[in-house]
Each structure stands twice: as C-alpha cells, then as structure tokens.
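The end of the sequence shown is residue 270 by the numbering used here, with every number in the run present.
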Amino acid sequence: MRTFILQSSNEQDLELLLKIANRLEINYEEVEEPENQEKDSLLKILDSEEDTTTIDLSEKIYTAKDFLEIYLEFVDLVPKQSEWNEEAISSNPPRLYRFQQLKSLMKAFEIGDDLLRDFKEGEFLNKKDSLDFSLLYQDVEIYIKNNHSEEGKKYLREELTRDKNTKSAFLKMLPFTKFLEVIERVNYILQINSGVLAAGRLLALYSITRASELANSIDKEKMNHLKNIVCSMIDPQEKSFSRKLLIENYNFPDVDLEAIDIEWW
Numbered sequence: 006m007r008t009f010i011l012q013s014s015n016e017q018d019l020e021l022l023l024k025i026a027n028r029l030e031i032n033y034e035e036v037e038e039p040e041n042q043e044k045d046s047l048l049k050i051l052d053s054e055e056d057t058t059t060i061d062l063s064e065k066i067y068t069a070k071d072f073l074e075i076y077l078e079f080v081d082l083v084p085k086q087s088e089w090n091e092e093a094i095s096s097n098p099p100r101l102y103r104f105q106q107l108k109s110l111m112k113a114f115e116i117g118d119d120l121l122r123d124f125k126e127g128e129f130l131n132k133k134d135s136l137d138f139s140l141l142y143q144d145v146e147i148y149i150k151n152n153h154s155e156e157g158k159k160y161l162r163e164e165l166t167r168d169k170n171t172k173s174a175f176l177k178m179l180p181f182t183k184f185l186e187v188i189e190r191v192n193y194i195l196q197i198n199s200g201v202l203a204a205g206r207l208l209a210l211y212s213i214t215r216a217s218e219l220a221n222s223i224d225k226e227k228m229n230h231l232k233n234i235v236c237s238m239i240d241p242q243e244k245s246f247s248r249k250l251l252i253e254n255y256n257f258p259d260v261d262l263e264a265i266d267i268e269w270w
C-alpha cells in the first residue's frame with residue numbers, strides 16, 4: 006500500500022483534498038498532529054503501492070474562487086473596460102500581473118482568452134451543457150419552492166425543465182451576468198474604506214463611519230451564495246491548479262505580487 010501524507014496549515018487545502026479523494030474513491034484517514042507541527046493539519050491518503058511520500062501543500066492552489074477574487078481585485082484597480090489589455094496597463098505592475106494571472110487562469114479553466122467577451126459577458130457558457138449548471142438549477146428549485154403558490158410552482162418547474170433541455174446558453178448567461186454585476190458592485194461597497202488608515206477631522210471620520218455602517222449591513226452569507234453559484238458555472242468540475250503548474254503550462258506570472266503591491270502602494 007502506498008501512503009501519501011499531506012500536510013498544510015490551511016484547512017481549505019485539506020477540504021479540497023478530501024473532495025479529490027472522494028471523487029477518485031481513494032481511502033483516507035486523519036492523522037494526529039505531531040508536537041513539532043502544532044500549526045499543521047495532516048491528512049493521510051492511501052493508494053495502492055508500497056512506499057510513503059510526504060507532500061507539502063504550502064504552495065498556493067488556485068480554484069475558480071481564486072479566479073473570481075483576482076477578477077474582483079482587477080476590476081477594482083481597472084474599472085474602465087477599455088483598459089483591459091496589456092498595452093494600457095503595462096506601466097502599472099499590480100494591474101498588469103493581475104491581468105496576466107487572469108489570462109492564465111482563463112486558459113486553465115477553458116474560459117477563453119478575452120476577459121470582457123468570454124468571461125464578463127458569459128460567452129464561455131456556450132461551451133457547457135446542462136449538467137454543468139446543476140448548482141444553478143438547484144437554487145432555482147429552492148426559489149420556486151419558497152416564493153410561489155402550488156399552481157405557480159407547477160408552471161415554473163415545467164419552464165425550468167424546458168430551459169434545462171435547451172442547447173442555447175443564452176438563458177444561463179442571464180443569471181451569470183446579473184450575479185457577476187451584483188458581486189462587483191457589492192464588493193466595491195465592501196472595499197470602500199479599505200485604503201483608509203486613519204481620519205483626524207470630524208467630517209472625514211463621520212463619512213468613513215457612515216460608509217462602514219452600510220458596508221457592514223450587507224448580508225455576507227447571501228453574497229457568498231451568489232459567488233458559489235458563479236464559481237460553479239465557471240468550473241462545475243471543481244478543478245484546482247498549483248502555482249507551479251500554472252507557471253509551467255499556462256504562462257502564469259512568476260512574481261511576488263504581494264511585494265509588488267507593497268512597493269507600489
């Protein structure tokens with residue numbers, strides 16, 4: 006029996022591994038943490054050959070959720086869609102490298118090569134079939150159940166069945182583009198005071214406080230729910246890519262973006 010001992014300080018890494026193990030029908034078990042690795046979480050996945058391999062998961066793993074977060078950062082930095090090209094932002098490394106990250110991840114997730122047309126406008130959905138929209142359909146079912154009369158439910162479920170069977174992705178583009186627009190706008194409100202370190206004058210403090218009150222009143226759970234639906238449409242297979250693989254195969258920029266951000270801001 007071959008044993009892979011997987012260690013990470015990030016619980017999300019381990020959750021991803023559990024999904025992979027379950028999908029591949031590989032046995033796994035949790036491992037008690039050694040005293041010298043108190044901050045690490047360990048998982049042991051059992052394969053079929055006789056040796057042991059230790060895999061460090063400290064390397065960044067990118068999923069559709071990471072792609073969406075990078076996209077939101079980029080939109081915040083480059084709100085003008087006419088500047089969504091390398092030439093327009095070549096003199097600004099934080100913007101340029103995020104754009105290059107997005108281009109790389111778009112290739113990895115088979116979205117396309119045009120951020121505006123293929124992603125924001127939802128053209129990539131034309132490549133998908135009905136099975137790729139399962140989470141969206143589940144949420145539509147919940148909406149029908151909770152918001153309509155019995156007679157209305159019957160009619161709307163028939164309409165949903167017709168929509169599932171249509172080959173056109175146009176109807177799926179409607180919730181995708183609307184949800185993405187809402188996520189962008191809400192994210193802007195949530196980030197409205199992110200660059201403010203302190204305020205010494207009364208009206209400045211007043212403005213920041215009132216803006217924060219609005220931002221803090223936003224239902225983060227509902228926001229995350231929409232993000233999950235959008236991510237499921239981006240990548241229904243829940244694929245993941247290591248930073249190393251993206252650099253080697255998808256032209257992911259091999260830079261320390263955090264250090265670059267600090268230098269520029």
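Positions of the beta carbon are idealized from the N, C-alpha and C atoms, including for glycine.
Since the model is a prediction, treat every value here as computed from it, not as a measurement.
What runs of the alpha helix (DSSP H), each 4 residues or longer, lie entirely inside the region 65-92?
List check, alpha helix (DSSP H) in window: 69-82.
Could you spell out where the alpha helix (DSSP H) holding residue 166 opens and where it closes?
Residue mapping note: residue 166 aligns to position 161 of the sequence shown, counting from 1. Segment 155-170, the alpha helix (DSSP H) holding residue 166.
Take the Cβ of residue 94 as the centre, count every other Cβ of all protein chains shown within 10 Å, and call the residue buried at 16 or more, exposed below.
Against the sequence shown, residue 94 aligns to sequence position 89. Buried is the call here.
Assuming residue 258 and residue 102 make a contact with CB atoms under 8 angstroms, what is their CB distance in whole Å?
Taking the sequence shown and counting its residues from 1, the one referred to as residue 258 is at position 253. Taking the sequence shown and counting its residues from 1, the one referred to as residue 102 is at position 97. With a Cβ gap of about 5 angstroms, residue 258 and residue 102 count as contacting.
What residues in its chain sit with their C-beta under 8 angstroms from that of residue 188, if we drop five residues either side in the sequence?
Position 183 of the sequence shown, counted from the first residue, corresponds to residue 188. The answer, listed in chain order, is 73, 77, 228, 231, 232 and 235.
Run through the DSSP bridge pairs and tell me what residue 247 is partnered with.
Within the sequence shown, residue 247 is the residue found at index 242, counting from 1. In DSSP, residue 247 forms a bridge with 66.
Measure the alpha-carbon distance for residue 255 versus residue 245 and round it to whole angstroms.
By one-based count along the sequence shown, residue 255 stands at place 250. By one-based count along the sequence shown, residue 245 stands at place 240. Near 13 angstroms, if we compare the C-alpha coordinates of residue 245 and residue 255.
Any idea what DSSP makes of residue 235, helix, strand or coil?
In the sequence shown, counting from the first residue as 1, residue 235 sits at position 230. The answer is helix: DSSP assigns residue 235 an H, G or I state.
Quick check on the burial criterion: 16 or more other C-beta atoms within 10 angstroms. Buried or exposed for residue 160?
Counted from its first residue, the sequence shown places residue 160 at position 155. Classification of residue 160: exposed, given that the 10 Å Cβ count is below 16.
Straight-line CA distance for residue 122 to residue 71?
Counting from 1 along the sequence shown, the entry for residue 122 is found at position 117. Counting from 1 along the sequence shown, the entry for residue 71 is found at position 66. Computed Cα separation, rounded: 20 angstroms.
Can you check whether the CB of residue 82 is closer than 8 angstroms to the CB of residue 99?
Here residue 99 refers to the residue found at position 94 when the sequence shown is read from its first residue. Here residue 82 refers to the residue found at position 77 when the sequence shown is read from its first residue. In contact: residue 99 and residue 82 (Cβ atoms closer than 8 angstroms).
Below 7 angstroms CB to CB, which residues in the same chain sit around residue 113 once its five sequence neighbours on both sides are set aside?
Here the question's residue 113 lines up with position 108 in the sequence shown. Hits under 7 angstroms: 246, 251 and 255.
Where does residue 134 sit, in a helix, a strand or coil, going by DSSP?
For the purposes of this step, residue 134 is identified with residue 129 of the sequence shown, where counting begins at 1. Here residue 134 sits in coil by DSSP.
Can you give the Cα-Cα distance for residue 84 and residue 263, rounded to whole angstroms?
On the sequence shown, position 79 is the one that residue 84 refers to. On the sequence shown, position 258 is the one that residue 263 refers to. Approximately 21 angstroms between the Cα atoms of the pair.
Can you tell me whether residue 240 is helix, strand or coil according to DSSP?
Against the sequence shown, residue 240 aligns to sequence position 235. Three-state result, residue 240: coil.
In the structure shown, what three-state DSSP assignment does residue 258 receive?
In the sequence shown, the residue the question calls residue 258 occupies position 253. Coil.
What is the DSSP secondary structure of residue 174, counted as helix, strand or coil?
Start at 1 with the first residue of the sequence shown, and residue 174 comes out as number 169. Looking at residue 174 - three-state DSSP - the assignment turns out to be coil, as it is neither helix nor strand.
How big is the Cα-Cα spacing for residue 152 and residue 210?
Here the question's residue 152 lines up with position 147 in the sequence shown. Here the question's residue 210 lines up with position 205 in the sequence shown. Rounded to whole angstroms, residue 152 to residue 210 spans 42 angstroms at the Cα level.
Using DSSP with H/G/I as helix, E/B as strand and the rest coil, what is residue 143?
For the purposes of this step, residue 143 is taken as the residue at position 138 of the sequence shown. In this structure, residue 143 counts as helix in the three-state DSSP scheme.
Can you give me the Cβ contacts of residue 170 inside the same chain, cut-off strictly under 8 angstroms, excluding the 5 residues immediately before and after it?
Start at 1 with the first residue of the sequence shown, and residue 170 comes out as number 165. Within the same chain, residue 170 has close Cβ partners 135.
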